[in-house]
Amino acid sequence: MISYLLKSTYKTYHGKIGYFCLGLLITSSLVHSWLLGNIWPENIYDPIVGFDIEIFPHPTTPSSSHLLGTDPLGRDVLSMLMAGSRPLIQLSVFSFFIGIATSLFFGTTIPFILKRTDKIIKEVSSSLILISPPIILLILGTGDFTDKLSPSLVGVIYGFMSGLGICYLVVRSKVIEISTQEFITASKLLGARSFYIATRHIMPIVVPYSVSYMLASTTYGILAYGFASFYGQVGWTPNWGMMIYDAITYGSYLGGINYWNLLPPTFGFILCASSFYFLSISVKKQFGISI
Amino acid sequence: MFYGINILIPGDFLTPLRLMISQAELDALRETLGANDPLYQRYFRWILGVFNGEITTGGFRQRSGKDIMSTVLPTLQILIPSFTLAFYISRIHSIKTPLSKLHKNKFFSDTLATLFISLFPPIVLFLIDEKIENFYTFLSLTFDLEKTPLSALTISENRFDIILLLFLFGTTLFIVKSLDILLSNKTRKSGFGFSIVILFYVLILQNDILISDLILNSKNAFKTIGILSIFFLGEYILLNNVITQNIAREPHILTARALGYSKHKIYNRHILRNSFGPFATRLTLGLPYTIASLVIVESTTGWNGMGSVLYQSIMNQDSNAAMGLFLLLALLTSFLRVIISVVQGTIDPRVRLK
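From first to last, the protein sequence lines are chains A and B. Using my numbering, read the first sequence as starting at 34 and increasing by one per residue. Using my numbering, read the second sequence as starting at 44 and increasing by one per residue.
Quick look at the structure:
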């Protein structure tokens with residue numbers, strides 16, 4: 034099913050762009066680790082504490098030693114841009130897979146097999162809809178949590194909440210619709226177990242719904258995390274939100290905005306958020322999902 | 044559930060006092076006010092308080108229930124115009140597309156919409172801030188607008204907020220309907236007249252001091268509406284594209300085209316009406332994210348609505364205020380869901396029959 038999903042989404046323009054953007058981000062994150070270990074001296078190119086003492090004053094415009102220039106604190110912008118993709122990729126990948134696993138497992142098995150439990154879970158999901166997952170993400174980014182929670186752990190929590198919230202309800206409604214169809218009755222008559230029917234016959238049909246919703250939901254997670262990082266809530270991790278904050282705040286102190294400081298993280302956010310949304314559109318288009 | 048979320052917020056309602064008094068005094072106060080009581084006791088006290096009309100009970104408070112309630116109108120002031128603006132603008136592309144191409148993929152508009160969704164709100168503010176500031180400076184200089192303290196006005200704060208809401212809604216409706224006329228879109232013109240009536244009531248029937256204040260107060264509101272609309276616009280364009288594409292492929296549209304119905308008749312009577320069902324469903328499902336975007340956008344522009352106050356409460360570890368706001372946001376979400384369902388039932392007879 035997964036390979037079919039990958040192949041079919043790749044057939045659309047949206048899917049191609051989405052995979053390209055995602056690939057670019059993952060590659061830049063990996064390349065950054067390699068560059069920092071092999072070519073770039075850490076004291077100059079570290080995305081958090083790096084400082085080039087040979088150049089003064091900072092920020093500087095793009096040059097051969099700093100391809101995207103330096104920020105007001107003397108750090109290399111290219112290095113920060115490449116390193117900033119890692120926490121967002123971790124968060125989005127974890128939230129996406131956890132969300133899919135949660136919504137598919139609970140959304141397929143519970144409404145079909147455990148109908149009484151479904152009534153309770155449905156109510157829990159409805160309450161989760163009233164509490165927005167991105168807001169929970171902001172809460173998790175405050176106070177004592179900042180140092181304890183890594184982006185991947187935040188992604189797990191976000192994925193679980195999204196998966197058990199809207200995604201569960203969407204998958205559930207589709208499962209209820211499918212469970213009345215003839216082929217399900219036929220498999221029951223042939224003696225198939227409920228769990229077998231749920232996982233082998235129903236789950237493959239609802240996978241695209243879960244995937245498209247989780248991809249769209251991940252986009253909001255990225256923006257919420259970006260917002261938290263913009264206000265310095267995510268601790269000492271390299272992130273684009275802080276880069277934008279520094280560019281706007283220090284830029285205005287220094288008598289103008291440094292566009293080479295502002296544009297790369299903006300572009301990074303667009304690339305990261307749109308990659309997931311493009312993939313979501315692609316899944317929706319390929320599988321005729323209109324809601 | 045809300046109480047559970049409240050536990051997640053670090054600290055308790057006494058935490059903000061830690062900078063003013065010693066730890067020993069804080070512990071004593073915590074003991075006296077029952078902050079160390081078992082969870083079920085604190086929960087019971089809170090529920091009792093909610094039923095008594097006080098949603099932020101718990102001894103020391105940074106914000107009272109009244110403060111929290113006063114954030115509802117500012118939120119509606121930006122939410123309703125943003126929705127109106129985004130909804131109408133998102134339709135323009137579909138209206139302008141020839142019927143024969145409506146069922147095809149719209150790559151350019153999809154890409155543009157995704158770009159809108161991915162735009163980071165502080166960047167949008169950065170882009171529009173200076174332009175709006177310049178425009179308002181021009182307005183102030185041209186019309187001699189001066190800000191009067193709200194206390195000097197003869198009307199209550201609530202009434203002022205309602206008039207501001209009408210002004211913002213009237214202005215956005217006027218903008219989108221004017222856009223419809225400029226682009227010669229053959230859509231209903233009743234909205235244009237309605238916006239004129241609202242603006243007439245606000246700008247002609249109110250006194251000059253109030254109008255001056257309204258316009259000056261609307262500066263930050265329009266910044267917030269601008270950012271929020273861009274956020275919504277992306278999603279609505281995509282939604283409109285998918286829905287109209289699916290409906291345009293249906294046999295009754297082909298029949299209408301074969302019978303020679305005009306484009307605007309097919310669009311307004313058959314496509315637009317049928318699109319409301321899936322649109323409303325998606326809107327209902329997306330409400331949590333709408334609320335989340337409120338928090339992000341309001342905090343970015345400093346608009347004093349539920350979103351930014353919630354963010355400040357979380358940051359200041361004012362857990363009681365945050366819990367009250369969570370409750371209000373949940374009530375707002377439920378209210379919006381009911382409204383959407385009622386409107387859906389009114390427009391689509393199939394929903395009523397079910």
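From the three backbone atoms N, C-alpha and C, an ideal C-beta is built for every residue, glycine too. Because the structure is a prediction, the values reported are computed rather than measured.
Rounded C-alpha distance that separates residue i from residue j
i: residue 228/A; j: residue 188/A; result: 29 Å
i: residue 265/A; j: residue 81/A; result: 13 Å
i: residue 220/A; j: residue 226/A; result: 9 Å
i: residue 271/B; j: residue 278/B; result: 11 Å
i: residue 122/B; j: residue 214/B; result: 14 Å
i: residue 31/B; j: residue 263/B; result: The question about residue 31/B has no answer, for chain B in this structure spans 44 to 397.
i: residue 297/B; j: residue 141/B; result: 13 Å
i: residue 199/A; j: residue 325/B; result: 11 Å
i: residue 94/A; j: residue 103/A; result: 7 Å
i: residue 273/B; j: residue 72/B; result: 47 Å
i: residue 242/A; j: residue 204/A; result: 7 Å
i: residue 244/A; j: residue 319/A; result: 12 Å
i: residue 168/A; j: residue 299/B; result: 46 Å
i: residue 155/B; j: residue 68/B; result: 57 Å
i: residue 43/A; j: residue 107/B; result: 54 Å
i: residue 190/A; j: residue 214/A; result: 35 Å
i: residue 80/B; j: residue 113/B; result: 30 Å
i: residue 281/B; j: residue 136/B; result: 11 Å
i: residue 115/A; j: residue 55/A; result: 13 Å
i: residue 362/B; j: residue 356/B; result: 7 Å
i: residue 306/B; j: residue 288/B; result: 15 Å
i: residue 276/B; j: residue 284/B; result: 12 Å
i: residue 303/B; j: residue 313/A; result: 36 Å
i: residue 277/A; j: residue 164/B; result: 11 Å
i: residue 380/B; j: residue 329/B; result: 10 Å
i: residue 102/B; j: residue 167/B; result: Summary for residue 102/B: the model assigns pLDDT 42, below 50, so the residue's position carries little reliability; its value from the coordinates is reported in the next sentence. Whole-angstrom Cα-Cα distance: 40 Å.
i: residue 100/B; j: residue 74/B; result: Low per-residue confidence applies at residue 100/B: pLDDT is 49, beneath 50, and the placement is therefore not dependable, though the value from the model is reported in the following sentence. If I take the Cα positions, the gap works out to 16 Å.
i: residue 294/A; j: residue 118/A; result: 16 Å
i: residue 129/B; j: residue 162/A; result: 23 Å
Element boundaries [alpha helix (DSSP H), containing residue i]
i: residue 387/B; result: 362-390
i: residue 80/A; result: That residue, residue 80/A, is in no alpha helix (DSSP H); it is neither H nor E in DSSP.
i: residue 305/A; result: 292-319
i: residue 124/A; result: 110-146
i: residue 241/A; result: 236-263
i: residue 299/B; result: 294-301
i: residue 320/B; result: 316-328
i: residue 156/B; result: 150-161
Residues near residue i in its chain [Cβ-Cβ closer than 8 Å; skip 5 each side]
i: residue 130/A; result: 192
i: residue 224/B; result: 232 and 235
i: residue 238/A; result: 207 and 211
i: residue 139/B; result: 226 and 228
i: residue 15/B; result: Outside the displayed range of chain B (44 to 397) lies residue 15/B, so it cannot be described from this structure.
i: residue 232/A; result: 141 and 142
i: residue 217/A; result: 211, 230, 234 and 235
Reference residue i, options the options, closest by Cα
i: residue 118/B; options: 354/B, 385/B and 341/B; result: 341/B
i: residue 112/A; options: 272/A, 314/A, 304/A and 281/A; result: 272/A
i: residue 351/B; options: 267/B, 152/B, 386/B and 276/B; result: 267/B
i: residue 210/B; options: 348/B, 246/B and 382/B; result: 246/B
i: residue 155/A; options: 202/A, 61/A and 39/A; result: 202/A
i: residue 106/A; options: 40/A, 248/A, 185/A and 86/A; result: 86/A
i: residue 368/B; options: 85/B, 110/B and 74/B; result: 110/B
i: residue 321/B; options: 261/B, 179/B, 290/B and 332/B; result: 290/B
i: residue 401/B; options: 116/B, 151/B and 374/B; result: The structure shown does not extend to residue 401/B, since chain B is modelled only from 44 through 397, so no value can be given for it.
Other residues of its chain near residue i: CB distance less than 6 Å, five sequence neighbours each side excluded
i: residue 310/A; result: 252
i: residue 244/B; result: none
i: residue 61/A; result: 115 and 118
i: residue 19/A; result: Examination of residue 19/A is not possible in this model, given that chain A is present from 34 through 324 alone.
Contact set for residue i: own chain, Cβ-Cβ below 7 Å, skip 5 residues either direction
i: residue 269/A; result: 81
i: residue 59/A; result: 122
i: residue 124/B; result: 211, 212, 215 and 268
Inset, instruction - Please name the residues in the stretch 273-295 of chain B whose beta-carbon is closer than 7 Å to at least one beta-carbon of chain A, in chain order. - result: Under the 7 Å Cβ criterion, the stretch 273-295 of chain B contributes 281, 285, 286 and 289.
Inset, instruction - Please name the residues in the stretch 156-176 of chain B whose beta-carbon is closer than 8 Å to at least one beta-carbon of chain A, in chain order. - result: 157, 158, 160, 161, 162, 163, 164, 165, 166 and 169
Legend entry - Interfacial residues, the stretch 248-268 of chain A to chain B, with Cβ spacing under 9 Å: 249, 250, 252, 253, 255, 256, 257, 259, 260, 263, 264 and 266
Inset, instruction - Select from the stretch 309-329 of chain B all residues with a C-beta closer than 7 Å to any C-beta belonging to chain A, and list them in chain order. - result: The stretch 309-329 of chain B vs chain A, Cβ under 7 Å: 321, 324, 325 and 328.
Legend entry - the stretch 331-343 of chain B: positions lying closer than 7 Å to chain A by Cβ: 331, 332, 334, 335, 338 and 339
Inset, instruction - Can you give me, in chain order, the residues of the stretch 367-382 of chain B that have a beta carbon less than 8 Å from any beta carbon in chain A? - result: From the stretch 367-382 of chain B, only 369, 372, 373, 376 and 377 have a Cβ closer than 8 Å to chain A.
Inset, instruction - Identify each residue in the stretch 294-313 of chain A for which the Cβ-Cβ distance to at least one residue of chain B is less than 7 Å, and report them in chain order. - result: 299, 302, 303, 306, 307, 310 and 311
Legend entry - Contact set between the stretch 34-48 of chain A and chain B, restricted to residues whose Cβ is under 9 Å from the partner: 45, 46 and 47
Inset, instruction - Please name the residues in the stretch 206-234 of chain A whose beta-carbon is closer than 8 Å to at least one beta-carbon of chain B, in chain order. - result: none
Legend entry - chain B contacts made by the stretch 189-205 of chain A, where a contact means CB separation under 8 Å: 198, 199, 202 and 203
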